[in-house]
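Structure first, commentary second.
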Amino acid sequence: MLLELDHISKIYGDLHAVDDLNLTVPQGEWLAIVGSSGSGKTTLMNMIGCMDSPSKGSVKLEGRNLEDLNASQLADVRKNMIGLVFQKFYLVPHLTAVENVMVAQYYHSVVDEKQALEALDRVGLKDRAHHLPGQLSGGEQQRVCIARALINDPKLILADEPTGNLDEKNEKIVLDLFRQLHDQGTTIIVVTHDALVASCAEREIMLNHGVLIGEKWNDEAARARYEAAGGKPAFTGSTEEGAQREGDLPIGFADPTKAAKTGGEAE
Ligand code: ADP
Ligand code: MG
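My numbering numbers the first residue of the sequence shown as 5 and each following residue consecutively.
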């Protein structure tokens, strides 16, 4: 498994932002995390992305417990293994598209304009390379962010509401890019409110108040591979077989669209 979350919680005072969650993700999976606003999705992503540590439990990436790593080793994992894409684009406004990609390279100690242009080419933006963010549409800006995340060929892409600011057409372009990355073997974990975006993933898990309330496979072949590799259902708490399960239908996924809508407010 690429990622193993073992009874992880993030606790702020009385609030369990993530509450005793167990989840394994194999290399190459495309997973969506859904749930209304405040359900703990970003907190979970931050713990997976080595940007935050759990109050309890452990996060393992490629079998390495993140708890055992020092700050510089964690920084290396973040740099070499993970590509981040956010809802807000976080582009530097006075740098061009290619320069924004080169800023990411700078943090990897290589600055190579040709490689940065190739990354922009991969997201279909070679001809926009010398535009400033303000001269690009929202969809183009998000593609610059994806190009930036692809520097160093991360094994794992973590995307938090990547299409939250995009119209339908640009959402589709971003989803097509994810599909290409998935076909190339990249593991993708995407947080989304959007049922359509979630449905593109092989598996969806749903959180509510930090607790897992549903798990659903959209791709039966992927599920079969996961189970053959010894993958277990995600679960909250102590029940190995998934306390949230009732027969074969996880609670909370009766109408994922509804859940997506109730969490639709901007953050
Ligand atoms: P989501 O991304 O699903 O909208 P978050 O993970 O951002 O949810 O937040 C989950 C819960 O944790 C919310 O109730 C939020 O207010 C709380 N929370 C998140 N970060 C902090 C923090 N640094 N301090 C205190 N509470 C926090
Ligand atoms: Mg969030």
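C-beta atoms are modelled at their ideal positions from N, C-alpha and C, and glycine is treated no differently. If you're wondering where the values come from, they're calculated on a predicted model, not measured in any experiment.
**Report entry** Closer than 8 angstroms: residue 40 CB and nearest the ligand MG heavy atom
**Finding:** no
Report task. Tell whether a beta-carbon distance below 9 angstroms holds between residue 35 and residue 144. Result -> Cβ distance not < 9 angstroms, so residue 35 and residue 144 don't count as in contact.
Report task. Pull up the distance between the alpha-carbon of residue 221 and that of residue 98, whole angstroms please. Result -> 43 angstroms
Query raised in the report: Is residue 44 near the ligand ADP, in the sense that its beta carbon is under 8 angstroms from a heavy atom of that ligand?
Result: The answer is yes for residue 44.
Report task. Name the residue from 185, 210, 73, 87 whose alpha carbon lies nearest to the alpha carbon of residue 196. Result -> 210
Query raised in the report: Comparing the CB of residue 195 with every heavy atom of the ligand MG, is any distance shorter than 8 angstroms?
Result: yes
Requested in this report: Examine the ligand ADP and report whether any of its heavy atoms sits within less than 8 angstroms of the Cβ of residue 47.
Outcome: Indeed, a heavy atom of the ligand ADP lies less than 8 angstroms from the Cβ.
Report task. Pull up the distance between the alpha-carbon of residue 14 and that of residue 198, whole angstroms please. Result -> If I take the Cα positions, the gap works out to 25 angstroms.
Query raised in the report: Would DSSP call residue 203 helix, strand or coil?
Result: helix
Report task. Run the CB neighbour count on residue 43, radius 10 Å, all protein chains shown included, and call it buried at 16 or more, exposed below. Result -> By the neighbour-count criterion, in which a residue is buried when 16 or more other Cβ atoms sit within 10 angstroms of its Cβ, residue 43 is buried.
Query raised in the report: Measuring CA to CA, which of 213, 30, 167, 71 is closest to residue 204?
Result: 167
Query raised in the report: If you run the structure through DSSP and keep just helix, strand and coil, what is residue 69?
Result: DSSP places residue 69 in strand when its eight states are reduced to three.
Query raised in the report: CB residue 52 to CB residue 194, shorter than 9 angstroms?
Result: no
Requested in this report: Use the C-beta contact count for residue 91: other C-beta atoms within 10 angstroms, 16 or more gives buried, fewer gives exposed.
Outcome: buried
Report task. Would you tell me roughly how many angstroms separate the C-alpha atoms of residue 62 and residue 162, rounded to the nearest one? Result -> Using only the alpha carbons, I get a separation of about 18 angstroms.
Report task. Between the Cα of residue 174 and those of 147, 102, 216, spot the shortest distance and give me the residue it belongs to. Result -> Residue 174 has its Cα closest to that of 147, out of 147, 102, 216.
Query raised in the report: Under the rule that 16 or more other beta-carbon atoms within 10 Å means buried, what is residue 183, buried or exposed?
Result: exposed
Query raised in the report: From residue 250 to residue 216, what distance separates their C-alpha atoms?
Result: Confidence is the limiting factor: at residue 250 the pLDDT is only 44, short of 50, which leaves the residue's position unreliable and the question unanswerable from this model.
Query - Same chain only: Cβ atoms within 8 angstroms of residue 165, ignoring 5 sequence neighbours per side - result: 90, 91, 195, 196, 197, 271
Query raised in the report: What do you get for residue 68, buried or exposed, if any count of 16 or more other CB atoms within 10 angstroms of its CB means buried?
Result: exposed
Report task. Look at residue 171 and residue 142 and say whether their C-beta atoms are less than 9 angstroms apart. Result -> yes
Query raised in the report: Any idea what DSSP makes of residue 246, helix, strand or coil?
Result: Summary for residue 246: the model assigns pLDDT 48, below 50, so the residue's position carries little reliability, and this model does not support an answer.
Query raised in the report: Taking the alpha carbon of residue 21 as the point to measure from, which residue in 212, 114, 80 has its own alpha carbon closest?
Result: 212
Report task. On the DSSP bridge assignment, give the partners of residue 8 in chain order. Result -> 28, 64
Query raised in the report: Within 10 angstroms of its Cβ, does residue 23 collect 16 or more other Cβ (buried), or is it exposed?
Result: buried
Query raised in the report: Where residue 107 and residue 86 are concerned, what is the direct C-alpha to C-alpha distance, given to the nearest angstrom?
Result: 16 angstroms
Query raised in the report: Which residues share a DSSP beta bridge with residue 20?
Result: Residue 20 is bridged to 15.
**Report entry** Delimiting residues of the beta strand (DSSP E) encompassing residue 216
**Finding:** 215-221
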